[in-house]
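Enquirer: What follows is a structure written as structure tokens; I'll ask about it next.
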Amino acid sequence: MRRFAPKVLFPAIFLLACALQAQTFRGGIEGTVTDSTGAAVAGAQVTVSNPATGLTRPATTGDQGYYFFNELPLGDYSVTASKAGFRTQTATGVTVTVAAPVHVDLKLTPGQVTEKVEVTAEIPLVETTNNNQGGVIEARQAEELPVNGRDFSKLLIMVAGATGDPSGETDSPGSFGLFSANGNRGRANNYLLDGTDMNDGYRNDPAINEAGVFGTPATILPIDALAEIPVISGGEAEYGRNSGAIVNIVTKSGTNDFHGSLFEFLRNQNLDARNFFNAEGTPKNSFNNNQFGGSLGGPIFKDKTFFFASYEGQREHGSTPLSITVPTTGDITAFTGSGGVVNPVIANLLTRNPWGVTL
Numbered sequence: 031m032r033r034f035a036p037k038v039l040f041p042a043i044f045l046l047a048c049a050l051q052a053q054t055f056r057g058g059i060e061g062t063v064t065d066s067t068g069a070a071v072a073g074a075q076v077t078v079s080n081p082a083t084g085l086t087r088p089a090t091t092g093d094q095g096y097y098f099f100n101e102l103p104l105g106d107y108s109v110t111a112s113k114a115g116f117r118t119q120t121a122t123g124v125t126v127t128v129a130a131p132v133h134v135d136l137k138l139t140p141g142q143v144t145e146k147v148e149v150t151a152e153i154p155l156v157e158t159t160n161n162n163q164g165g166v167i168e169a170r171q172a173e174e175l176p177v178n179g180r181d182f183s184k185l186l187i188m189v190a191g192a193t194g195d196p197s198g199e200t201d202s203p204g205s206f207g208l209f210s211a212n213g214n215r216g217r218a219n220n221y222l223l224d225g226t227d228m229n230d231g232y233r234n235d236p237a238i239n240e241a242g243v244f245g246t247p248a249t250i251l252p253i254d255a256l257a258e259i260p261v262i263s264g265g266e267a268e269y270g271r272n273s274g275a276i277v278n279i280v281t282k283s284g285t286n287d288f289h290g291s292l293f294e295f296l297r298n299q300n301l302d303a304r305n306f307f308n309a310e311g312t313p314k315n316s317f318n319n320n321q322f323g324g325s326l327g328g329p330i331f332k333d334k335t336f337f338f339a340s341y342e343g344q345r346e347h348g349s350t351p352l353s354i355t356v357p358t359t360g361d362i363t364a365f366t367g368s369g370g371v372v373n374p375v376i377a378n379l380l381t382r383n384p385w386g387v388t389l
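Position 119 of the sequence shown, counted from 1, bears residue number 149 in the numbering used here, the numbering being contiguous throughout.
Set out below in structure tokens:
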């Protein structure tokens, strides 16, 4: 009996692999381990650990003393290097972001392995490992800076090379604030959510914080659910798709400790001033807006499984003043009274007006 399944299955698997995208929402740590003379230390044991989640990864330096950890969840790490004949050195306060691998060099000094040297990692003032432009909007900035409507997209113009797009309706309800990066059009940006494509396929608008257009479901992201927003306004070709900025939104995850938040924003007619058409002495137009929500994250199984959930809602009720002009009977009589100048072409039609006035 002849078998055809393997011949069909192999091309299918090959084509499926080609369709995968190599975007990521994680970071990395790299560096070199040297001795006090600056010579590379090969075979040193390097370990990274995240105390918030209990994550630990080991590695061994190569001949050039180089080590690299990739696909690390975002957070604060410590990096420890050790080898027989040297003191153990630990670098703390290493913050991993999506933008680029963090470079941490460790220098071992002669001594016993049980002797420990601890240093605090410093963020370099100038990035020398790549030529990317842009920046990272951190969760603290998104939570503490005043943002109209709690729409984090208004913060994207804070990064280098970004400016508001004149063609984008950045203040319309439910619309994502378009911005221009390095002179590109507002619709030339590439939006990712945890590494997943979030671009509207029809207009190439972001499919985030939208009300659902052209078959794209609505995706409203509360500020409390954001870990960070790396924005690359002048990136390399690895992301593809568009020539503008790369906005890779990263959501939060739980840790070994329970953390949460609650918020409520209230606006009503008692707190608002009268508008132009609401005369003094008349009741204020009714208005009530409540924007509320919260978040909660923590462990399911310590050091192994975590959860994070966030909710945001908005309820608005109110009335809008409308000014119209209604002609009185006297106005109508004066307009159609005898002696008025009437176009003879339409005089016959005017005699049939609904008020029964004879011209």
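Note that the Cβ used here is the ideal one computed from N, Cα and C, for glycine as well.
A quick note: this is a predicted structure, and the numbers were derived from the prediction, not measured.
#1: Using 8 Å for Cβ pairs, my map puts TYR399 next to VAL76. What's the rounded Cβ distance?
#2: What are the uninterrupted segments assigned as beta strand (DSSP E) that are 3 or more residues long and contained completely in the segment 280 to 328, given in chain order?
#3: State the Cα-Cα distance for the pair ASN319 and ASP302, rounded to the nearest angstrom.
#4: On the three-state DSSP scale, how would you describe GLU268?
#5: Taking the straight line between their C-alpha atoms, what separation do you get for THR83 and LYS332?
#6: Could you spell out the range, first to last residue, of the alpha helix (DSSP H) harbouring SER217?
#7: Within the continuous alpha helix (DSSP H) that includes ALA172, where are the two ends?
#8: Quick one: Cα of THR359 to Cα of ASN373, how far?
#9: What is the DSSP secondary structure of ASP93, counted as helix, strand or coil?
#10: Comparing alpha-carbon positions, which option in GLN163, THR285, PRO260 and ASP227 lies nearest ARG271?
#11: At the level of alpha carbons, what is the spacing between LEU175 and ALA89?
#12: For ILE330, which option in GLU294, ALA70, ALA339 and PHE322 has the closest C-alpha, if you only look at C-alpha atoms?
#13: Residues in its own chain within less than 6 Å of VAL63 by CB, not counting five upstream and five downstream?
#14: Can you tell me whether DSSP reads THR359 as helix, strand or coil?
#15: With 16 as the cutoff for other CB atoms within 10 Å, does ARG180 come out buried or exposed?
#16: Judging by CA-CA distance, which residue of LEU102, TYR232, MET188 and ALA69 is the nearest neighbour of ASP93?
#17: In the DSSP assignment, find the unbroken beta strand (DSSP E) run with GLN75 in it and report its ends.
#18: Under the DSSP definition of a beta bridge, which residues are partnered with TYR341?
#19: Just grab the DSSP bridge partners of ILE250 for me.
#20: Which residue wins for smallest C-alpha separation from SER273, given the options LYS314, TYR221, HIS289 and GLU346?
#21: What did DSSP end up calling SER183 once you bin it into helix, strand or coil?
#22: If I measure Cβ to Cβ from ILE187 and keep anything under 7 Å in the same chain, skipping five residues before and after, which residues do I get?
#23: Residue range of the beta strand (DSSP E) that THR64 falls in?
#24: Which same chain residues, not among the five before or five after ASP201, have their C-beta less than 6 Å away from its C-beta?
#25: Could you check whether PHE317 and ASN298 sit closer than 7 Å to each other, using their CB atoms as the reference points?
#26: Just confirm the distance between the C-beta atoms of GLY213 and VAL189, as a whole number of angstroms; I'd bet it's less than 8 Å.
#27: Check this for me: beta carbons of GLY328 and PHE288, under 7 Å apart or not?
#28: Can you round the beta-carbon distance between PHE293 and PRO351 to whole angstroms, since I take them to be within the 8 Å contact cut?
#29: With distances taken from CA atoms, which of GLU310, ARG304 and LEU326 is nearest ASN286?
#30: In angstroms with no decimal places, state the Cα-to-Cα distance between GLU258 and PRO140.
#31: Need the endpoints of the beta strand (DSSP E) that GLN119 sits in, please.
#32: Once DSSP output is grouped into helix, strand and coil, what is the label at ALA255?
#33: Please classify GLN142: is it buried, with 16 or more other beta-carbons within 10 angstroms of its beta-carbon, or exposed?
#34: So which of PRO236, PRO103, GLN119 and GLY311 has the shortest CA-CA distance to ALA275?
#35: Looking only at DSSP bridge pairs, what is VAL109 linked to?
#36: Between the beta-carbon of VAL109 and the beta-carbon of VAL78, is there less than 7 Å?
Expert: With the given structure in hand:
#1: The shown model of the chain, from 31 to 389, leaves out residue 399, and the question about it has no answer.
#2: With a minimum length of 3 residues, the continuous beta strand (DSSP E) runs that stay inside the segment 280 to 328 are 289 to 298.
#3: Per the coordinates, the alpha-carbon of ASN319 lies some 11 Å from the alpha-carbon of ASP302.
#4: coil
#5: 8 Å
#6: A quick correction: the sequence has Arg, not Ser, at residue 217. Note, ARG217: premise wrong, no alpha helix (DSSP H); not H, not E.
#7: 169 to 174
#8: Each residue's Cα considered, the two are about 22 Å apart.
#9: DSSP, read as helix, strand or coil, puts ASP93 in coil.
#10: ASP227
#11: 40 Å
#12: For the set GLU294, ALA70, ALA339 and PHE322, the Cα lying nearest the Cα of ILE330 is the one of ALA339.
#13: VAL71, ALA74, THR91, GLY95, ALA111 and LEU136
#14: helix
#15: buried
#16: ALA69
#17: 75 to 80
#18: When beta bridges are read from the DSSP output, TYR341 appears opposite GLY324.
#19: The secondary-structure analysis by DSSP pairs ILE250 with nothing; it has no beta-bridge partner.
#20: TYR221
#21: helix
#22: THR193, GLY194 and PHE209
#23: 57 to 65
#24: With a pLDDT of 47 at ASP201, under the threshold of 50, the predicted position of this residue should be treated as unreliable, though the coordinate-derived value follows. Answer for ASP201: no residue qualifies.
#25: yes
#26: With a Cβ gap of about 15 Å, GLY213 and VAL189 do not count as contacting.
#27: yes
#28: Rounded, the Cβ-Cβ distance is 31 Å, inconsistent with contact.
#29: LEU326
#30: 40 Å
#31: 118 to 126
#32: helix
#33: exposed
#34: PRO236
#35: BP columns for VAL109 point to VAL78 and ALA121.
#36: yes
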